[in-house]
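Just so you know, the sequences run in chain order A and B. Residues in the first sequence are numbered from 2 upward in steps of one, following this note's numbering. Residues in the second sequence are numbered from 84 upward in steps of one, following this note's numbering. The beta-carbon is built from N, C-alpha and C at its ideal position, and this holds for glycine as well.
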Amino acid sequence: MTDPVERVPVKRTAKLFIGGKFPRSESGHAYEAYAHDGRPLGWVAKASRKDLRDAVVAARAAQPGWAALTAYNRGQVLYRVAELLEGRRAQFVRELTDTGAADPERGIDAAIDRWVWYAGWCDKIHQALGSTNPVAGPYFNFTLPEPTGVVGIVPRGDQPLLGLVSRLAPAIVSGNTAVVLASETAPLPAVSLSEVLATSDVPGGVVNILTGPTAALVPWLAGHMDVNAIDVTGVADDLLPEVERLAAENVKRVHRAAEGDPFSMDAQSPYEITALMEFKTVWHPIGV
Amino acid sequence: MTDTARKATPAIEHREPVWGYAPAPESTGIVRLEDRYGLFVNGGFVEPKSGKWFTTINPATEEPLAEVAEAGPEDVGLAVDAARDAYERRWRSLPGSERAKYLYRIARQLQERAREFAVLESMNGGKPIKESRDIDLPLAAAHFFYYAGWADKLEYAFPGRTPSPIGVAGQIIPWNFPMLMAAWKLAPALATGNTAVLKPAETTPLTALLLAQVIQEAEVPPGVVNIVTGAGETGAALVKSSVDKVAFTGSTEVGKIIRRTIAGSGKRLTLELGGKAANIVFEDAPLDQAIEGVVNGIFFNQGHVCCAGSRLLVQEPVFDVLIDKLKERLQTLRVGDPLDKNTDVGAINSRVQLQKIEELVASGIQEGAQMYQPECVLPERGFWFRPTLFTGVSQSHRIAREEIFGPVLSILTFRTPEEAVEKANNSPYGLSAGVWTEKGSRILWMAERLRAGVVWANTFNRFDPASPFGGYKESGFGREGGLQGLEPYLRLDGGAA
Numbered sequence: 002m003t004d005p006v007e008r009v010p011v012k013r014t015a016k017l018f019i020g021g022k023f024p025r026s027e028s029g030h031a032y033e034a035y036a037h038d039g040r041p042l043g044w045v046a047k048a049s050r051k052d053l054r055d056a057v058v059a060a061r062a063a064q065p066g067w068a069a070l071t072a073y074n075r076g077q078v079l080y081r082v083a084e085l086l087e088g089r090r091a092q093f094v095r096e097l098t099d100t101g102a103a104d105p106e107r108g109i110d111a112a113i114d115r116w117v118w119y120a121g122w123c124d125k126i127h128q129a130l131g132s133t134n135p136v137a138g139p140y141f142n143f144t145l146p147e148p149t150g151v152v153g154i155v156p157r158g159d160q161p162l163l164g165l166v167s168r169l170a171p172a173i174v175s176g177n178t179a180v181v182l183a184s185e186t187a188p189l190p191a192v193s194l195s196e197v198l199a200t201s202d203v204p205g206g207v208v209n210i211l212t213g214p215t216a217a218l219v220p221w222l223a224g225h226m227d228v229n230a231i232d233v234t235g236v237a238d239d240l241l242p243e244v245e246r247l248a249a250e251n252v253k254r255v256h257r258a259a260e261g262d263p264f265s266m267d268a269q270s271p272y273e274i275t276a277l278m279e280f281k282t283v284w285h286p287i288g289v
Numbered sequence: 084m085t086d087t088a089r090k091a092t093p094a095i096e097h098r099e100p101v102w103g104y105a106p107a108p109e110s111t112g113i114v115r116l117e118d119r120y121g122l123f124v125n126g127g128f129v130e131p132k133s134g135k136w137f138t139t140i141n142p143a144t145e146e147p148l149a150e151v152a153e154a155g156p157e158d159v160g161l162a163v164d165a166a167r168d169a170y171e172r173r174w175r176s177l178p179g180s181e182r183a184k185y186l187y188r189i190a191r192q193l194q195e196r197a198r199e200f201a202v203l204e205s206m207n208g209g210k211p212i213k214e215s216r217d218i219d220l221p222l223a224a225a226h227f228f229y230y231a232g233w234a235d236k237l238e239y240a241f242p243g244r245t246p247s248p249i250g251v252a253g254q255i256i257p258w259n260f261p262m263l264m265a266a267w268k269l270a271p272a273l274a275t276g277n278t279a280v281l282k283p284a285e286t287t288p289l290t291a292l293l294l295a296q297v298i299q300e301a302e303v304p305p306g307v308v309n310i311v312t313g314a315g316e317t318g319a320a321l322v323k324s325s326v327d328k329v330a331f332t333g334s335t336e337v338g339k340i341i342r343r344t345i346a347g348s349g350k351r352l353t354l355e356l357g358g359k360a361a362n363i364v365f366e367d368a369p370l371d372q373a374i375e376g377v378v379n380g381i382f383f384n385q386g387h388v389c390c391a392g393s394r395l396l397v398q399e400p401v402f403d404v405l406i407d408k409l410k411e412r413l414q415t416l417r418v419g420d421p422l423d424k425n426t427d428v429g430a431i432n433s434r435v436q437l438q439k440i441e442e443l444v445a446s447g448i449q450e451g452a453q454m455y456q457p458e459c460v461l462p463e464r465g466f467w468f469r470p471t472l473f474t475g476v477s478q479s480h481r482i483a484r485e486e487i488f489g490p491v492l493s494i495l496t497f498r499t500p501e502e503a504v505e506k507a508n509n510s511p512y513g514l515s516a517g518v519w520t521e522k523g524s525r526i527l528w529m530a531e532r533l534r535a536g537v538v539w540a541n542t543f544n545r546f547d548p549a550s551p552f553g554g555y556k557e558s559g560f561g562r563e564g565g566l567q568g569l570e571p572y573l574r575l576d577g578g579a580a
């Protein structure tokens, strides 16, 4: 009689998420991720400058189609992401535990709830923050917020899931597409989020997630001429001047969310959505 | 034909009247200019520590109007200190209802003294009196009146947030709408509880200094508004000073420099920069109305307008008829004395600007576009440029890509709405756009796709204090006017429970 064979678990390869696909870095490089206690968690793709440019191309290609969906449709697509996150709850708890998060259960709960909160804004932001304007003349005049286009996002690295969701969700509900630099030291929750997004109905390219050396990639994101805005909430203070200088080249919008308790309700706001939108005003004469 | 008839014909031709216009100049007697204007700091006019003065002229005559102080870094610092002091001691804690009353006073005084301001605006900037009188001044007063009313209603503008002022705003404005831009900057800043240091453009400081007198007479607390005159170096000193926010209207080039200068400083920033707006005329447009809109779009204020409709996109079937009508209309434009009530196109604001226009127009000719200018006699002195059309313009021509900021229209054609959108959006700018068509659904379809902050449909160059204005892309960020124009001057921290 032979001993029962112990099943060998299948390990995941943590890859980049670009244009709805999971490529390795074109550079061929990867780096090792570790748990907070030093346990190795496996290899993670190390995004290069070229990967970042590819991600911007994918985001740009996806943007008009994403923005053209009805707000109701976009809201449902994003709500479904929350459904899938809920289904993978245990996995996120495990990964957040590995990062040393104080309360991993609270972390995933807050991330899911935040995602649902923002998904609901898709078909309300225009009503809440747009306006019709009483101009002094025979004109119908209205102002609506519109997506700015492609948004680069640098979430806080010390909040690998909630920090990312808090920046990504308000960026894309309006119809922007995003290139996200995941937490360099705790990349796995972001990689798992990309797998959730890939199996949801979010079109490929709407969200692109890169793992790798944040400080080396940020300047290329900030200086990219086809990125309309950059959320620098997670950019280190000493890197910020350089990022803002680079952003000047195409008059990129630079947004930095206020510091604060990420679990607080103050950490979510419709003004986080409009920070990455443009207000367009339309005039038309009234007459017979 | 009889001999009599044959003889009569030339006689009738001879009698054909010449439709000239008698001069109708607005009197300048209403304006009392001083020889010298100091800096307006802490509620009074002071001599510049820099010891420097410059002469400001009338661009229509090149005659000097007055000497104006040139603020150096020390002067700017003192103005910012005064603004800081006024903010900390008084203005930030003054109830909105009381702040409002000062702004209402300013609005009322501007209405009261509108003609004086309008004449001075035309003297110092070269714009036709009918524009300064009917547009710049009424809108400037309206802007103060509109924002006055917001001062005690801010909590209704931003649901779930607790709006609070930022502090001291450094504001730099251009020479094309000196008074109106001062109003666009000061009114929302003051209404929201900030204090300000305003730098007018070096070629057009006089109406801002007259506004300083109005601010004094309105008894606005000293230091709430400070006005420092000077050129680029003064502006740079203001940007680098300890202000909490910078608001700039001007060229994209300078806007980028400002962005770089304050990088990492934590200063808030809004930029209202250049434009190269497409004015799109479809074949079904009411052509005569469209012609008026096209003319207003590019020749209003000599084309010194960041949102000017400087690229005309015409649908091919109506190209010939539209160009004929446009050329005919250009012949009727009266170019000359800005103070003449009949003048349509006044003086170019400065010699430097005239040279820039001439250089770009030369590039248009050199790159192969066809130029048309109506016949008109230009005054001998001063800075002038004829209303100019270019046909045969391709998208790669400099005159189709670069902001000319003068009375020069580049005309291109298109066949389909998709092509019109493609060409209109093919620009790093995105400030404004125009659409002319009788079809309502097409207007909304176009308005949705044009990447511009303001879309005028079957109209152009309309402005209102209640209407937000500002750019997409390299035309800047932030809005001025309307509810949305409050946000750049506020912190919107917390509040939602």
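query: Verify whether the separation of the beta carbon atoms of valine 404 (chain B) and proline 470 (chain B) is less than 8 Å.; result: no
query: Taking the straight line between their C-alpha atoms, what separation do you get for valine 208 (chain A) and glycine 536 (chain B)?; result: 26 Å
query: Drop a sphere of 10 angstroms on the beta-carbon of alanine 88 (chain B), count the other beta-carbons inside from all chains shown, and report buried for 16 or more, exposed for fewer.; result: Residue placement at alanine 88 (chain B) is poorly supported in this model, since its pLDDT is 45, which falls under 50; the coordinates are not used for a value here.
query: Shorter than 8 Å from the beta carbon of tyrosine 555 (chain B) to some beta carbon of chain A?; result: yes
query: Reducing DSSP to helix, strand and coil, say where tryptophan 44 (chain A) ends up.; result: strand
query: Going by DSSP in three states, threonine 496 (chain B) sits in which element: helix, strand or coil?; result: strand
query: Less than 8 Å separating the beta-carbons of alanine 543 (chain B) and glycine 386 (chain B)?; result: The residue you asked about is not alanine; residue 543 (chain B) is phenylalanine in the sequence shown. Not in contact: phenylalanine 543 (chain B) and glycine 386 (chain B) (Cβ atoms no closer than 8 Å).
query: Name, please, each residue of chain A whose Cβ falls closer than 7 Å to the Cβ of proline 551 (chain B).; result: Thr144, Phe280 and Thr282
query: Quick check on histidine 285 (chain A) - is its C-beta less than 8 Å from some C-beta in chain B?; result: yes
query: Starting from the N-terminal side, write out each stretch of the alpha helix (DSSP H) that is 4 residues or longer and does not extend beyond the segment 214-268 of chain A.; result: 215-224 and 241-248
query: Going by C-alpha to C-alpha distance, which of B:Ile448, B:Gln449 and B:Asn125 sits closest to alanine 299 (chain B)?; result: The sequence shown places glutamine at residue 299 (chain B), not alanine. Measuring from the Cα of glutamine 299 (chain B), the nearest candidate turns out to be B:Asn125.
query: To the nearest angstrom, report how far apart leucine 237 (chain B) and alanine 183 (chain B) are at their CA atoms.; result: 12 Å
query: When the Cα atoms are used, what is the spatial distance from lysine 408 (chain B) to alanine 105 (chain B)?; result: 26 Å
query: Going by C-alpha distance, which of A:Ser270, A:Leu211, A:Val136 and A:Leu194 is nearest lysine 244 (chain B)?; result: In the sequence on display, residue 244 (chain B) carries arginine and not lysine. Checked all of A:Ser270, A:Leu211, A:Val136 and A:Leu194; the closest Cα to arginine 244 (chain B) is A:Ser270.
query: Mind listing the chain A neighbours of isoleucine 526 (chain B)? Cutoff is C-beta to C-beta under 9 Å, in chain order.; result: Val283 and His285
query: Name, in chain order, the residues that DSSP records as bridge partners for leucine 293 (chain B).; result: Beta-bridge pairing links leucine 293 (chain B) to no other residue.
query: Looking at chain B, which residues of the segment 57-86 of chain A have a Cβ within less than 8 Å of any of its Cβ atoms?; result: none
query: Assuming isoleucine 113 (chain A) contacts glutamate 87 (chain A) under a Cβ cut-off of 8 Å, what Cβ separation, rounded to an integer in Å, is found between them?; result: 6 Å
query: Can you name, in chain order, every residue of its own chain whose Cβ lies under 8 Å from the Cβ of alanine 197 (chain B), other than the five neighbours on each side?; result: Arg216, Leu220, Pro221 and Ala224
query: Starting from valine 322 (chain B), trace the beta strand (DSSP E) both ways and give me its first and last residue.; result: Not the beta strand (DSSP E): valine 322 (chain B) falls in the alpha helix (DSSP H), residues 315-323.
query: Could you tell me which residues DSSP pairs with proline 146 (chain A) in its beta bridges?; result: A:Phe280
query: Taking the continuous alpha helix (DSSP H) assigned at arginine 50 (chain A), which residues delimit it?; result: 50-69
query: Keeping to the same chain, check which residues put their C-beta closer than 8 Å to that of glycine 447 (chain B); ignore five residues upstream and five downstream.; result: Met454, Phe473, Val476, His480, Arg481, Ile482, Val491 and Ser493
query: Measuring straight from C-alpha to C-alpha, what distance separates glutamate 146 (chain B) and valine 297 (chain B)?; result: 26 Å
query: Under 9 Å Cβ-Cβ, which residues of chain B neighbour asparagine 1 (chain A)?; result: In the structure as shown, chain A starts at 2 and stops at 289, and residue 1 (chain A) therefore has no counterpart that could be examined.
query: Alpha helix (DSSP H) containing glutamine 194 (chain B): first to last residue?; result: 179-195
query: Output the distance between the C-alpha atoms of alanine 199 (chain A) and phenylalanine 488 (chain B), rounded to the nearest integer angstrom.; result: 48 Å
query: To which residues does DSSP link phenylalanine 228 (chain B) through a beta bridge?; result: Note: phenylalanine 228 (chain B) sits in no beta bridge, so no partner.
query: What residues of chain A sit near leucine 273 (chain B), judged by a beta carbon separation below 8 Å?; result: Those do not exist, as leucine 273 (chain B) stays about 21 Å from chain A at its closest Cβ, beyond 8 Å.
query: For my contact list, leucine 416 (chain B) and glutamate 109 (chain B) are in at a C-beta cut-off of 8 Å; report their separation, rounded to the angstrom.; result: Contact doesn't hold; Cβ gap of about 19 Å is too wide.
query: State yes or no: is the beta carbon of alanine 223 (chain B) nearer than 8 Å to at least one beta carbon in chain A?; result: no
query: From the DSSP output, in three-state form, read off asparagine 309 (chain B) for me.; result: strand
query: How about alanine 172 (chain A): is its C-beta nearer than 8 Å to some C-beta of chain B?; result: no
query: Residues in its own chain within less than 7 Å of valine 378 (chain B) by CB, not counting five upstream and five downstream?; result: Arg412
query: Report all residues from its chain with a CB closer than 7 Å to the CB of phenylalanine 228 (chain B); omit the five preceding and five following residues, and keep chain order.; result: Tyr187 and Ala190
query: From what residue to what residue does the beta strand (DSSP E) around glutamate 254 (chain B) run?; result: Looking at the sequence itself, residue 254 (chain B) is glutamine, so the reference to glutamate does not match. Residues 251-255.
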